[in-house]
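Take a look at the structure set out below.
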Amino acid sequence: MVRVEVNSQIEAAKEEMSQDFGPFKGDMDFQLMQPLNELRFEFDGLRNQVEGAEYVSKFDLESLRLDMQEMGSYIDTLEFEYARRTDLDELRFQIDDINNDMALRDLESNQSSDIAHLWLGMEETKATIEDERNQTNLNLDQLRLEIQNVERFLNDFQANFNFELDTLRLRVDALQ
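Just so we're aligned: the sequence shown equals residues 71 to 246 in this note's numbering.
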């Protein structure tokens, strides 16, 4: 009876972990990296226009502004996913509760070999949860660094773009 209950709780915790992290890892990486790549491509195009002294339309600037807003929403999504880490702590508390229940039942009944086996399973589950948490933290930190790099690039690009635009205006004024 104890074994069935503990196994069902362990399986529920494992299933919740796999749902939280299994399919999410690749999707999160792709969803966050794809817009970054698209922004880099668009910024390169605008930079080439500015460097080539070609006309930069208001549409291009508006498109850039919208892309920056979109990146902001992706940053918000990243912060939301970062907050999901607290779910791992809740799972750890559930595992500790299971461990405590198992310890009490071990005192009540002498099923030490079954309990030892279950303890091992719980420790393995704890280790898996900790590994996933560490990997998630690492991925989030790497994504945060990339986003900071993109923000710096955007700020530098905007400053250079404004300088080039002012230079072009001065040339136009001088020609008139």
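Here a beta-carbon is modelled for each residue, glycine too, at the ideal position from N, C-alpha and C.
Item	Value
Quick one: using the 10 Å Cβ neighbour count with 16 as the cut-off for buried, is Leu158 buried or exposed?	buried
Applying the 10 Å Cβ sphere with the 16-neighbour rule, what's the burial state of Thr147?	exposed
Roughly how far, in whole angstroms, is the beta-carbon of Ile165 from the beta-carbon of Met141, given that I think they are within contact range, below 8 Å?	Not really, about 37 Å apart at Cβ, beyond 8 Å.
With burial defined as no fewer than 16 other Cβ atoms inside 10 Å of the residue's Cβ, what is the status of Thr237: buried or exposed?	exposed
Pick from Leu240, Asp201 and Asn169: whose alpha carbon is nearest that of Trp189?	Asn169
Using DSSP with H/G/I as helix, E/B as strand and the rest coil, what is Phe227?	helix
So what does DSSP say about Gln246, is it helix, strand or coil?	coil
Would you kindly work out how many angstroms separate the C-alpha atoms of Leu161 and Leu208, rounded to a whole number?	20 Å
For Glu194, count the other beta carbons within 10 Å of its own beta carbon; 16 or more makes it buried, fewer makes it exposed. Which is it?	exposed
For Lys196, collect the residues of the same chain with a Cβ closer than 8 Å to its Cβ; drop the 5 residues on either side in sequence, then sort them by chain order.	Arg162 and Ile165
Using the rule of at least 16 other Cβ atoms within 10 Å of the residue's Cβ for burial, across every protein chain shown, is Leu134 buried or exposed?	buried
Taking just the CA atoms, how far does Phe223 sit from Ala123?	With a pLDDT of 49 at Ala123, under the threshold of 50, the predicted position of this residue should be treated as unreliable, though the coordinate-derived value follows. Looking at the two C-alpha atoms, the distance is approximately 20 Å.
Roughly how many angstroms lie between the CA atoms of Leu131 and Glu200, to the nearest whole one?	45 Å
For Ala173 and Asn225, I'd like the C-alpha separation in whole angstroms.	58 Å
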